[in-house]
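Student:
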Ligand SMILES: Cc1ncc(COP(=O)(O)O)c(C=O)c1O
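Residue numbers (the numbering used here): 316 to 794.
(1) Beta-carbon distances below 6 Å to any heavy atom of ligand 1 define the shell here; list its residues in chain order, please.
(2) Name the two residues that bound the continuous beta strand (DSSP E) containing residue 524.
(3) Beta carbon of residue 362: closer than 7 Å to some heavy atom of ligand 2?
(4) What are the partner residues of residue 380, as DSSP defines its beta bridges?
(5) In three-state terms, what does DSSP make of residue 561?
(6) Within the same chain, show all residues whose beta-carbon is closer than 7 Å to that of residue 277, passing over the 5 residues directly before and after it, in chain order.
(7) Does the Cβ of residue 495 have 16 or more other Cβ atoms within 10 Å, making it buried, or fewer, making it exposed?
(8) Evaluate contact between the segment 736–752 and the segment 383–393, counting only Cβ atoms and requiring at least three cross-stretch pairs below 8 Å.
(9) With a 10 Å radius around its C-beta and 16 neighbouring C-beta atoms as the bar for buried, classify residue 338 as buried or exposed.
(10) Starting from residue 452 and walking both ways along the beta strand (DSSP E), at which residues does that stretch end?
(11) Cα-Cα, which of 361, 467, 580, 326 is closest to residue 491?
(12) Just tell me which of 606, 347, 594, 333 has its CA closest to the CA of residue 323.
(13) Counting Cβ pairs, one atom from each stretch, are 3 or more of them under 8 Å apart for the segment 519–528 and the segment 454–462?
(14) Give the straight-line distance between the Cα atoms of residue 377 and residue 481, rounded to the nearest whole angstrom.
(15) Check each candidate in 331, 344, 354, 387 and name the one with the smallest Cα separation from residue 635.
(16) How long is the line joining the alpha carbons of residue 540 and residue 657, rounded to whole angstroms?
(17) How many angstroms separate the CA atom of residue 354 from the CA atom of residue 411?
(18) Go through the segment 599–680 residue by residue and report every complete run of the beta strand (DSSP E) that reaches 3 residues or more, in order.
(19) Mapping DSSP to helix, strand and coil, what is residue 693?
(20) What does the alpha-carbon distance come out to for the pair residue 477 and residue 485?
(21) Could you compute how far the alpha carbon of residue 474 sits from the alpha carbon of residue 488?
(22) Once the 5 residues before and after residue 460 are set aside, which same chain residues still bring their CB inside 7 Å of it?
(23) Put residue 710 into one of helix, strand or coil per three-state DSSP.
(24) Are the CB atoms of residue 428 and residue 633 nearer to each other than 8 Å?
(25) Exposed or buried, which one is residue 398 when buried takes at least 16 other CB atoms within 10 Å?
(26) Would you call residue 754 buried or exposed, if buried means 16 or more other Cβ atoms sit within 10 Å of its Cβ?
(27) Between the beta-carbon of residue 668 and the beta-carbon of residue 687, is there less than 8 Å?
(28) Against chain C, with Cβ distances strictly below 8 Å, would residue 450 count as a contact?
(29) Does residue 683 come out as helix, strand or coil in the three-state DSSP assignment?
(30) What residues are listed by DSSP as bridge partners for residue 489?
(31) On a CA-only basis, which of 748, 750, 734, 723 is nearest residue 342? Give me that one, please.
(32) DSSP on residue 509, reduced to helix/strand/coil?
(33) Tell me residue 758's beta-bridge partners as DSSP assigns them.
(34) Could you spell out the range, first to last residue, of the beta strand (DSSP E) harbouring residue 501?
(35) Look up residue 800 in the DSSP assignment and give the residues it is bridged to.
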């Protein structure tokens, strides 16, 4: 008998009316749990079981679920007769714009949208309008939204991408059907951390933009190597393409402005979403005014189209203002707090891996972390696909969920700590991680390696990513 009968019943009902029963196919994962309530760091399922949440709905809930100050700001807006006039400007959008432009060096002016995909597509459109070029560069293992220009497979199996290509480009493997071949011809997919391949593409095509997450966070935490982001800046200036940092996931999680602020590399354009409004649908495109002003270019034929019925809706805008004001308090104290919790988690996890002699790496940036079961921190998707033990990772995640620790049950997806997680939550989580990892290591079928094994043995028998290991390889992306 199912241990979660109410979840099963809700799913059965929804399947009648929604293909697969879930409105976003990426949310269709095993185990199928229906969550009905959340507060702070916790979520409860329809059958009353409590979980500590590290998924955070693909990471917007940096302040935890239903943060009282955000809820109050939204409630006030609903009470005081605010609405979306849909004509002219509003006081609220001006307030939010000021908060962003006055506190983020890379941002002179902004536009407001609803989703990350809208923000990145506007960024690319703007870059094309500015440069008069069509081609764009994206990174293998990165995710920038669901529209045709960028919807390549994020976690493509090695069998499909083939051996490492550098310098050079990979085939655009569409994330699903319905993406016209013409789009695939102007999007060039290269490795992250690979400046030679940027040069390679720029020497062959008129490139309007390179868009990348500064840390690849749709495949865990794959960090830029020293000099990589600065190298991108240099190449953008040399070849005249627009450098777009997609900070939809990294923005506001590590510092107010995102990773561009930490790395001190200034992109031409930057996109934000997710954490900016702590769970309400809002996204931002910002950047240098000489580019942003193309939206009001005196020559109308040079203006990119900018529209959207719900742009700057007062509910998400008020949520964003409340969130950002909180993040700015006491000189960014929240960042110091979550970073300390993240460090505890990292140290604890490293100790667990060490005590069980499991070959693994803890990758962390501030409040975001993940474990890779391989002997080094991956430098790009190809490296990860070749060396990570996806099978053990997936088993581990499902075992943790069983024990009330909700991390997304697909290998490599990052975990997010919020400002409402406590030291006790981290301690409880580490206990569960130890117990579940013990279980996985004793299960020989998971092929978890013990540490200090030689690199050559890894090369001989790489645990490869294939369709059976990632349950939904086309669609293992956020949202
Ligand atoms: C880096 C990045 N860019 C863009 C997007 C698209 O954002 P949205 O799902 O809000 O359209 C996502 C979503 O996960 C993302 O992680």
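Even for Gly, the Cβ is constructed at its ideal location relative to N, Cα and C. All figures in this text were calculated on a predicted structure; none of them were measured in a lab.
Tutor: Let me lay it out:
(1) 373, 430, 431, 432, 435, 458, 459, 460, 528, 533, 561, 563, 564, 588, 793, 794
(2) Taken as a continuous stretch (DSSP letters only), the beta strand (DSSP E) holding residue 524 covers 522–527.
(3) With respect to small molecules bound, the structure shown includes ligand 1 and not ligand 2.
(4) Answer is 355.
(5) strand
(6) Residue 277 cannot be examined here, being either before or after the span of the chain that is shown, 316 to 794.
(7) The Cβ neighbour count for residue 495, taken over all protein chains shown within 10 Å, is under 16; the residue is labelled exposed.
(8) By the Cβ rule, the segment 736–752 does not count as touching the segment 383–393, because fewer than three pairs are nearer than 8 Å.
(9) exposed
(10) 450–454
(11) 467
(12) 347
(13) Contact between the segment 519–528 and the segment 454–462 is present, because at least three Cβ pairs lie under 8 Å.
(14) 36 Å
(15) 387
(16) 21 Å
(17) About 26 Å.
(18) 676–680
(19) For residue 693, the secondary structure class from DSSP, reduced to helix, strand or coil, is coil.
(20) 9 Å
(21) 12 Å
(22) Answer for residue 460: 431, 432, 435, 436, listed in chain order.
(23) helix
(24) no
(25) exposed
(26) exposed
(27) no
(28) Annotation note: the requested chain C is absent from the structure, which comprises a single protein chain.
(29) strand
(30) BP columns for residue 489 point to 467.
(31) 723
(32) coil
(33) Answer is none; residue 758 lacks a bridge partner.
(34) Not the beta strand (DSSP E): residue 501 falls in the alpha helix (DSSP H), residues 496–501.
(35) Nothing in the structure corresponds to residue 800, since the chain is present only between 316 and 794.
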